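Have a look at the structure below, then the notes.
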Amino acid sequence: MKILVINAGSSSLKFQLFDMRDEKVIAKGNCEKIGMKGSFVGYTMKEGKKEIMIDMPNHKVAIKKVLELLTDKEEGVIKDLKEISAVGHRFVQGGWLFDRSVIITQDTIDKLNKLVDLSPLHAHANMAGVEGCMDIMKDIPQTIIFDTSFHATMPPKAYMYGIKYEDYEKYHVRKYGFHGTSHRYVTGEVAKLLNKSPKEINVITVHLGNGSSITAVQGGKSIDTTMGLTPLEGLIMGTRSGDLDATVVSYLADKKKMSASEVVNYLNKESGILGVSGVSSDMRELNEAIKNGNERARLALDMLIYRVKKYIGSYMAVLGHVDAIVFTGGIGENQEDLREGALEGLENFGIKIDKKKNLNLPRGTSEEISTKDSKIKVFRVPTNEELLIARDTKELIEKTK
Numbered sequence: 032m033k034i035l036v037i038n039a040g041s042s043s044l045k046f047q048l049f050d051m052r053d054e055k056v057i058a059k060g061n062c063e064k065i066g067m068k069g070s071f072v073g074y075t076m077k078e079g080k081k082e083i084m085i086d087m088p089n090h091k092v093a094i095k096k097v098l099e100l101l102t103d104k105e106e107g108v109i110k111d112l113k114e115i116s117a118v119g120h121r122f123v124q125g126g127w128l129f130d131r132s133v134i135i136t137q138d139t140i141d142k143l144n145k146l147v148d149l150s151p152l153h154a155h156a157n158m159a160g161v162e163g164c165m166d167i168m169k170d171i172p173q174t175i176i177f178d179t180s181f182h183a184t185m186p187p188k189a190y191m192y193g194i195k196y197e198d199y200e201k202y203h204v205r206k207y208g209f210h211g212t213s214h215r216y217v218t219g220e221v222a223k224l225l226n227k228s229p230k231e232i233n234v235i236t237v238h239l240g241n242g243s244s245i246t247a248v249q250g251g252k253s254i255d256t257t258m259g260l261t262p263l264e265g266l267i268m269g270t271r272s273g274d275l276d277a278t279v280v281s282y283l284a285d286k287k288k289m290s291a292s293e294v295v296n297y298l299n300k301e302s303g304i305l306g307v308s309g310v311s312s313d314m315r316e317l318n319e320a321i322k323n324g325n326e327r328a329r330l331a332l333d334m335l336i337y338r339v340k341k342y343i344g345s346y347m348a349v350l351g352h353v354d355a356i357v358f359t360g361g362i363g364e365n366q367e368d369l370r371e372g373a374l375e376g377l378e379n380f381g382i383k384i385d386k387k388k389n390l391n392l393p394r395g396t397s398e399e400i401s402t403k404d405s406k407i408k409v410f411r412v413p414t415n416e417e418l419l420i421a422r423d424t425k426e427l428i429e430k431t432k
């Protein structure tokens, strides 16, 4: 069984083609600058890595080009689209309507259209990928895997906000959480490392990248997470502010002569690590600035470390018993000083890391970085959201046979 995984962004489209017999990636790539000048496709197939410039005015054209590449006589990896058993799509927001992955039907599309207001930027982009594939690959089953569905197990006391209950009921204002595919994947991987079932463990999963979130996982289920109604809540991130007093919106709107939506855009795209440091949202550039003595860059990193530590501590209290803490995501996997800083001072809670091992981890492998006498184990586990999407898609398709 071969499964194509699609992750459509506002001006991009990532793809991976899996052979599910051994879960091997046989082709992958990115379509960039869709709808813009200078659009191109970077991909890896039979002939290795390549990049081609091509005009892609919309996602449908981008998907058409991807399918042409996959079936190309010279460097393609399949002879015909019929070799693709299904397409799995990443969808950011499933809202209150979807608590699990689904096969796409017209009813699915109708329900998704009701959720656009919760995530307008992501929803339109995700839907463009779905519609493009369904239009070109009419006879091939399509599935959607939601970032939010893993967090559907949160209890009301965790997902409710302190607003009028009638407004929660009418407008569905609540915490939904995101990065669910990543948190679910690494929970499963940590369970394997502990030789246990996910149902037997309590884990704190720390996904750190340009977007970052932390989740408290009890018995394999999410019971709380840092992101909220949108991905803006929680940790300070690449360009997102993270937690702040809600009145900051009206205060900045007044002072900067901006509308509420303009302030929200400012908090999403001009704040966070970028806004505090004044350098970049890219952690590599931030680290270089820190080496050169940039105090604002150091402050931005310290703020991230502090908030990670604060949430880890709070989720330890929520869970009561913790078997493991796992770091994942581009930053969580690769920045050793952040991992060490986030856990520094938590020795009295039973957390001890092997500093030498933490500093010398091979790239791309799952590793334990805690000491032998640490009561709570600490791991670095690379995430693989695309593989989880492919697995869910395979399971859904097999159930229909």
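Per the working numbering, residue 32 is the first one in the sequence shown, and the count goes up by one each step.
Don't be surprised by glycine CBs; every beta carbon is placed ideally from N, CA and C.
Since we're looking at a predicted model, the values are computed, not measured.
| Asked | Found |
| --- | --- |
| H119 by DSSP, collapsed to three states: which one? | Note that residue 119 is Gly in the sequence shown, not His. Of the three classes helix, strand and coil, the one that applies to G119 here is strand, per DSSP. |
| Does the stretch 329-347 come within contact of the stretch 369-389, defined as at least 3 CB pairs closer than 8 Å? | yes |
| Should A291 be labelled buried (16 or more other beta-carbon atoms within 10 Å of its own) or exposed? | exposed |
| From S15 to T431, what distance separates their C-alpha atoms? | Only positions 32 to 432 of the chain appear in this structure, which leaves residue 15 out of reach. |
| Inspect the beta-carbon positions of N318 and Q366 and report whether they are closer than 9 Å. | yes |
| For the putative contact between I65 and A117, defined by C-beta atoms under 8 Å, what is the C-beta separation to the nearest angstrom? | The pair is not a contact, with the Cβ atoms about 23 Å apart (cut-off 8 Å). |
| Who are K81's beta bridge partners in DSSP? | Y74 |
| Considering only C-alpha positions, which residue in the set A247, N226, E231 and A159 is nearest to P186? | A247 |
| Taking the DSSP output, what are the residues bridged to D50? | K33 and K55 |
| Report the CB separation of L369 from I336 in whole angstroms; it is logged as a contact under 8 Å. | 6 Å |
| Please report the Cβ distance between G363 and H238, rounded to the nearest whole angstrom; I am assuming they are in contact, meaning their Cβ atoms lie under 8 Å. | 6 Å |
| Where do the N-terminal and C-terminal ends of the beta strand (DSSP E) with S41 fall, by residue? | From DSSP, S41 is part of no beta strand (DSSP E); its letter is neither H nor E. |
| Kindly indicate which residue of T261, I356 and D53 has the alpha-carbon position closest to the one of K340. | I356 |
| Who are the near neighbours of G259 in its chain, counting only those whose CB is closer than 6 Å to its CB and skipping five residues on each side? | K206 |
| Short of 8 Å in beta carbon distance, which residues of its chain neighbour K230, apart from the five on each side in sequence? Order them along the chain. | G250 and G251 |
| Is the stretch 61-77 touching the stretch 95-112 in the sense that three or more CB pairs, one from each, lie closer than 8 Å? | yes |
| Tell me the DSSP secondary structure of H238 in three-state form. | strand |
| Would you give the residue range spanned by the beta strand (DSSP E) that S244 belongs to? | S244 to Q249 |
| At 3 residues or longer, what runs of the beta strand (DSSP E) sit wholly inside the stretch 343-401? | 355-359 |
| Please report the straight-line C-alpha distance between S397 and K286, rounded to a whole angstrom. | 48 Å |
| Write down every uninterrupted run of the alpha helix (DSSP H) in the stretch 150-235 whose length is 4 residues or greater and which is fully enclosed by it, in chain order. | 151-167, 187-190, 196-202 and 211-224 |
| Using the three-state DSSP reduction, which class does D86 fall into: helix, strand or coil? | coil |
| Exposed or buried, what is S405 when buried is set at 16 or more other beta-carbons lying within 10 Å of its beta-carbon? | buried |
| How close, in whole Å, do the beta carbons of H203 and S244 come, if the pair is a contact with beta carbons under 8 Å? | Actually they are not in contact, since the Cβ atoms of H203 and S244 sit about 20 Å apart, beyond 8 Å. |
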